[in-house]
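*Asks:* Following this message is one structure expressed as C-alpha cells.
Chains as they are written, first to last, in the working numbering: chain A, 7 to 342; chain B, 7 to 342; chain C, 7 to 342.
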C-alpha cells in the first residue's frame, strides 16, 4: 500500500497544526480529532482533510475501529498523556507512532533520572525532604504539566510551608540551577540510525519571564514566581556547543536501547536544559515526543536549513520518516 | 482600472518597508513620502518606485492633489497619528486604507475600554486618583507613543509625586498586571469576512527589558523602569490558547460593527496583552492598524506559513486585499 | 580562473557551518579544518566537501602549503583570534578574507575607542581606577572572549576586591549603561561601496539572562552575574532607528579608511550596542568579522529579505562578494 492511502491523525491541541501540515506536505491524507469547542478553530486550516468531533479528546479510544478503517497512523504529542493518561496511550491499538515502552520511563521521574544518568547527562542535585538542603530549590510535583505546579523555596521554612499547601503528594526537590534555559529538539531515525538537531527554543513562562521587568523597589515579598508555559521564542546556540548537544542525544538514544527496549527511543524528543556559566548542560527533563517549541519552525529552523533544501518542520520530518518506512515496507519499525 | 495602475503609498517610517515590499510583490506601483533626512536610507530599497520629499511628513496633506493624480491608495501605519494627528488623518481626502471612524474609538482610552469590554475582553482594573488603590500600578499618559511616558508606582506617595512631575494632565492609573507580554497581530477581511492571525511578537523595551540582567545587590533604589519600545522579537503561543486568541479578535470586530459603524474595524490590528499564570489574556490596548512587530515577518510567520503557500507579511496581506477588492470592483469597501 | 576552482575554507567552530553552506550555495568548493574531537559533528553536513584533521586548530599555520595548492581562500571568524592569536592571523600567508591591518585596532581597547570616537559613536564613560567613579560599573579584562571575565561592581570596595582577585592585569572600567542590548550585523562591500544591514540579534548570556526569573526574595547577595554568551535570539529594530543604524556603520567604515589604512574595514562586522531610553546607541565594542549572532539567519533575515530575492546569510554574502571579485579580477582587493 502506498503512503497516499494512509491517514496521519492526531488530537486537536499542542502541535496538531504542525503535524498535519507536515503530513499534507508529504502527501498523506490528514484527520484531526477535535471537540465541539475547538472545531471552528481547526476548520480554518485547509490542510486538514477530515474531522472527527468527540465530546472529549480522551474518547478517541472509543473510535478506534473507525480509525483503523481509514488506515490511520496516530501521532502522539505533548497533550496525549494529559488527555488519555499513560494507560490510555498504551491501550490504543491503532498504529501509534513511537515506542510505547518509553512512556513508563518518561512518566516516572526516578526512572527518567536513572536513564539520563546512564547516558552521562548532568542533572540538578535532588534532595529528600529530610536531607540537609542547599537553597534555593525548585519543587516539582509529579505529573505537573507545562510548568504549572512548580515552586521555588529559599529556605527550610518556606519549603515546609509550601509542601504542606500542595495538593499533590508526589514531588521532587531539586537544586535551583542558576543558568539560562534551553530546549533542544531532536529527531532520531531508526531508518538512518542518526540523530538530527531540528531546532532550539526558549520557553516563555508566566509570570517567571515577567519578573525581570519589575525592578527591586517595586517587587513585593509576596510576588511568587510561577512557571506556566504559554509560548516559545527561537534560539541558536554557540556552534562550539553543538558537538556536545548531538553527543548527549546519541548517548540518550543508546542508553534507551539498553535500559528500555532494543528499539529504544526514536522519533522526535526534547532535552530541557539549563546552561551554566561554565557552559555545562543540566537536564531538567526529557520529553519523548514532539514538543510545542517546534511550532516556531513551521517553515524550517536555522538547523534544518543546513541539512534540508526545503522547509522541514519536526511535524514534516515525522511524516517523511513514516513515508520512507512505508515505501520500504518497514512501518512496523516505527509504531509501538 | 487594473491594480497595476494604482500606487500604494505611505509615510517613510514605522513599517513603510514592509508595506511597500508587500505592495510591490502584489504588482502595485509604490511611492514613499520621506524627509530629506530619511531619503538616503529609503533610497536603498529597489522595491520603492518613487519618492516625494517633504520638509515634514505631516505636510503630506499639502500634496494630496499630486497623490490623487497618481491613483494613490495611502496605507496608514502606527506613525500616522504622530505625524498628522487624529484630525489630520481624518482631513485626508486621498483614498486611505481603513475605517477612519475607528480613529475616535482608538484614540480615546475611555471609548477604547468600552469597546473592549463590550467584546468581553479582560482588562486591567483602572483607578481614579482618589480611589483606594491596590499597588503596584502603572500610569499611562494619554497619547503617549511607544511606551514612553509610562511609569510604575509602588505606593500612594510615589504615585502622587510622579503625577505632579508629569507634563501631561490626562492619564490613566491601571493595575500593574504581573504576567508576560504578548502582542497579537490580526487581519480582518470584509471580503472574506474572516479574521486571520498573522503573527505574534514580544516588544523589546528600554530599559524595562534590561533590568532583569542586573541582580538585586546592584540595583539602586533610583533605578526606575521605562518602557520605550525599540524593537521586537518573535513568539509563538501554546496551541491550546489559539482558539481564544481568534475568538477575542472576532468579538472585537463584531463589537466594532455595533458600536462604531456598520463597517467596523477591518484590515490589520493588534491586541496588546498580558498573559497571567491562569492563562488569561488581559488587554492593555488595541492598535487599529499595522504594528511594528509585524516587521519581524517580512518572509512570513509560523502562522501565515500554515495558511499561505508563499511568504505573506502583513504588508503584503494588505496589498493582496486591495488587489482583490479592485478586481471585484469593491475598493470603496476598504477606504475610509 | 573561475570561482568554481577556488575552495572556501575556515576553522571548524563559531560560524563555520554558515560560512561553508553559503560558499557551497554560491558554487565554491568547501573545506573545513577540524580536530579529531569535532570531526564527527561536522561530517554530518554534506555541503562540506573536504576535511583536514589537525591536532589543534591553531596548527593550520603548518599546512599552508597544502591550502595554497587547493586555491584556498580562508574566511576568518570570531574564533580565529582565540585559536591563532593576533600574531598568528597576521603570519598566515594563504589568501585571507578581510583587512589584517584592522586586527590591531580591534584587539586594542584604546585604539578601538579612538576609532569609534572618531566615527561619532557614543560609548560608555571609561574610568581609571584612581578616578572618582559613578557606580555601578562593569569591568572587562583585555582579551576576554564571549563575555566571560566580565564583572559588575556596585561600589568602590567591591571594585577593589574583585580587581585584586582577577588573574588578568589589563582591564577597563566602564560605566554600566542601563539599557537593552542590541547587536547590529553589517556588511561593507568595497565593490559596491555600500554598507548593508544584514541582521540583528540579542545575545543569550549565562547567567545574566537567568537572573530576571528569580524574584527579589530568592536572590541571595552572593548571586553574581556572569556574561558568558551561549546563544542568540532574533530581533528587529524600530524602523525610525534604522537610518542612524546605517549611518553609524558608514561613519565607522569611513573613519577606518582614514585611521587604519586606505582600504579600511570591509566585509562583515558587528556593532555591539546598548540602547538607552532616549533611543541612543552606546557601543560597547566592535567585532570586525562575522559574528555568531548571524547563525540565526541561515535562510535570511527580515532585513536581507527586503533586499535579496533569495535566502542570504552573512556567510553566503561573503561568498557572493568573493565570487563577484573573482569574476571582475579583483580578488586582491578583498584579501589581507
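Ideal Cβ placement from N, Cα and C applies to all residues, glycine included.
Do you know how far the Cα of residue 82(B) is from the Cα of residue 233(A)?
*Replies:* 39 Å
*Asks:* Skipping 5 residues on each side, what residues in its chain have a beta carbon closer than 6 Å to that of residue 303(A)?
*Replies:* A distance below 6 Å between beta-carbons, with the five flanking residues on each side excluded, links residue 303(A) to the following residues of its chain, in chain order: 205 and 319.
*Asks:* Going along chain A in order, which residues have a C-beta closer than 9 Å to the C-beta of residue 65(C)?
*Replies:* Simply none; closest approach about 18 Å.
*Asks:* How many angstroms separate the CA atom of residue 281(C) from the CA atom of residue 10(A)?
*Replies:* 54 Å
*Asks:* Applying the criterion that 16 or more other CB atoms from any shown protein chain within 10 Å of the CB defines a buried residue, is residue 197(C) buried or exposed?
*Replies:* Its Cβ having fewer than 16 others within 10 Å, residue 197(C) is exposed.
*Asks:* Which first and last residues belong to the beta strand (DSSP E) in which residue 157(B) is found?
*Replies:* 156-159
*Asks:* If we call anything under 9 Å between Cβ atoms a contact, is residue 14(C) one with residue 44(C)?
*Replies:* No, the Cβ-Cβ distance between residue 14(C) and residue 44(C) is not below 9 Å.
*Asks:* Closest to residue 199(A) by C-alpha separation, out of 130(A), 212(A), 271(A) and 59(A), would be which residue?
*Replies:* Ranking the options by Cα distance to residue 199(A), first place goes to 271(A).
*Asks:* Report yes or no: is there a C-beta of chain A within less than 9 Å of the C-beta of residue 128(C)?
*Replies:* no
*Asks:* Residues in the same chain with beta-carbon distance under 7 Å from residue 124(A), minus the five sequence neighbours each way, listed in chain order, please.
*Replies:* 261 and 265
*Asks:* In chain order, what residues of the segment 279-297 of chain A put their CB closer than 7 Å to some CB of chain C?
*Replies:* 281, 282, 283 and 285
*Asks:* For residue 56(C), report the span of its beta strand (DSSP E) as first-last.
*Replies:* 56-60
*Asks:* Would you call residue 131(A) buried or exposed, if buried means 16 or more other Cβ atoms sit within 10 Å of its Cβ?
*Replies:* exposed
*Asks:* Output yes if chain A places a C-beta closer than 9 Å to the C-beta of residue 40(B); else output no.
*Replies:* Using beta-carbon distances, residue 40(B) does not count as an interface residue toward chain A, since no partner is under 9 Å.
*Asks:* Classify residue 190(C) as helix, strand or coil using the three-state DSSP reduction.
*Replies:* In the three-state scheme derived from DSSP, where H, G and I count as helix and E and B as strand, residue 190(C) is classed as strand.
*Asks:* Can you tell which of 226(A), 46(A) and 41(A) has the C-alpha that lies nearest to the C-alpha of residue 252(B)?
*Replies:* 46(A)
*Asks:* Between the C-alpha atoms of residue 139(C) and residue 133(C), what's the straight-line distance to the nearest angstrom?
*Replies:* Distance between the alpha carbons of residue 139(C) and residue 133(C): 7 Å.
*Asks:* Applying the 10 Å Cβ sphere with the 16-neighbour rule, what's the burial state of residue 410(C)?
*Replies:* Within the shown structure, residues of chain C are numbered from 7 to 342, placing residue 410(C) beyond reach of any answer.
*Asks:* What's the C-alpha gap between residue 229(A) and residue 165(A)?
*Replies:* 16 Å
*Asks:* Please identify the residue among 96(C), 278(C) and 307(C) whose C-alpha is closest to the C-alpha of residue 242(C).
*Replies:* For the residues 96(C), 278(C) and 307(C), the minimum Cα distance to residue 242(C) belongs to 307(C).
*Asks:* Closer than 8 Å by C-beta to residue 22(B): which residues in its own chain qualify, once you throw out the five before and the five after it? Chain order, please.
*Replies:* 16, 38, 48 and 83
*Asks:* Would you be able to state if there are at least three C-beta pairs under 8 Å between the segment 206-224 of chain A and the segment 176-192 of chain B?
*Replies:* A contact exists between the segment 176-192 of chain B and the segment 206-224 of chain A.
*Asks:* Which residues in chain A have a C-beta closer than 7 Å to the C-beta of residue 304(C)? List them in chain order.
*Replies:* Near residue 304(C) (Cβ distances below 7 Å), the residues of chain A are 308, 311 and 312.
*Asks:* Exposed or buried, which one is residue 67(C) when buried takes at least 16 other CB atoms within 10 Å?
*Replies:* exposed
*Asks:* Below 8 Å between beta carbons is the criterion; list the residues of the segment 159-190 of chain A that meet it against any residue of chain B, in chain order.
*Replies:* none
*Asks:* What residue ranges within the segment 212-264 of chain B form continuous beta strand (DSSP E) runs of no fewer than 3 residues, ordered along the chain?
*Replies:* 233-240
*Asks:* Just by C-beta distance, which residues in the segment 209-230 of chain B are closer than 8 Å to chain C?
*Replies:* 210, 211, 212, 213, 215, 216, 217, 218, 219, 220, 221, 222, 223, 224, 226 and 229
*Asks:* Tell me the rounded alpha-carbon separation between residue 293(C) and residue 202(C).
*Replies:* Across the structure, residue 293(C) and residue 202(C) are spaced so that their CA atoms are roughly 16 Å apart.
*Asks:* Could you give the residue range of the beta strand (DSSP E) that holds residue 179(A)?
*Replies:* 177-181
*Asks:* Grab me the residues of residue 112(B)'s own chain with a C-beta within less than 8 Å of its C-beta, minus the 5 sequence neighbours each way, in chain order.
*Replies:* 118, 292, 293 and 294
*Asks:* Buried or exposed: residue 72(A), going by 16 or more other Cβ atoms within 10 Å of its Cβ?
*Replies:* exposed
*Asks:* Where do the N-terminal and C-terminal ends of the alpha helix (DSSP H) with residue 340(A) fall, by residue?
*Replies:* No alpha helix (DSSP H) contains residue 340(A), which DSSP labels as neither H nor E.
*Asks:* What runs of the beta strand (DSSP E), each 3 residues or longer, lie entirely inside the segment 10-90 of chain B?
*Replies:* 13-17, 35-41, 56-60 and 78-80
*Asks:* Can you give the Cα-Cα distance for residue 107(C) and residue 92(C), rounded to whole angstroms?
*Replies:* 11 Å
*Asks:* If you draw a straight line from the C-alpha of residue 57(A) to the C-alpha of residue 63(A), how long is it?
*Replies:* 12 Å
*Asks:* If you follow the beta strand (DSSP E) that residue 146(C) is in, where does it begin and where does it stop?
*Replies:* Where residue 146(C) is concerned, the enclosing beta strand (DSSP E) stretches over 143-147.
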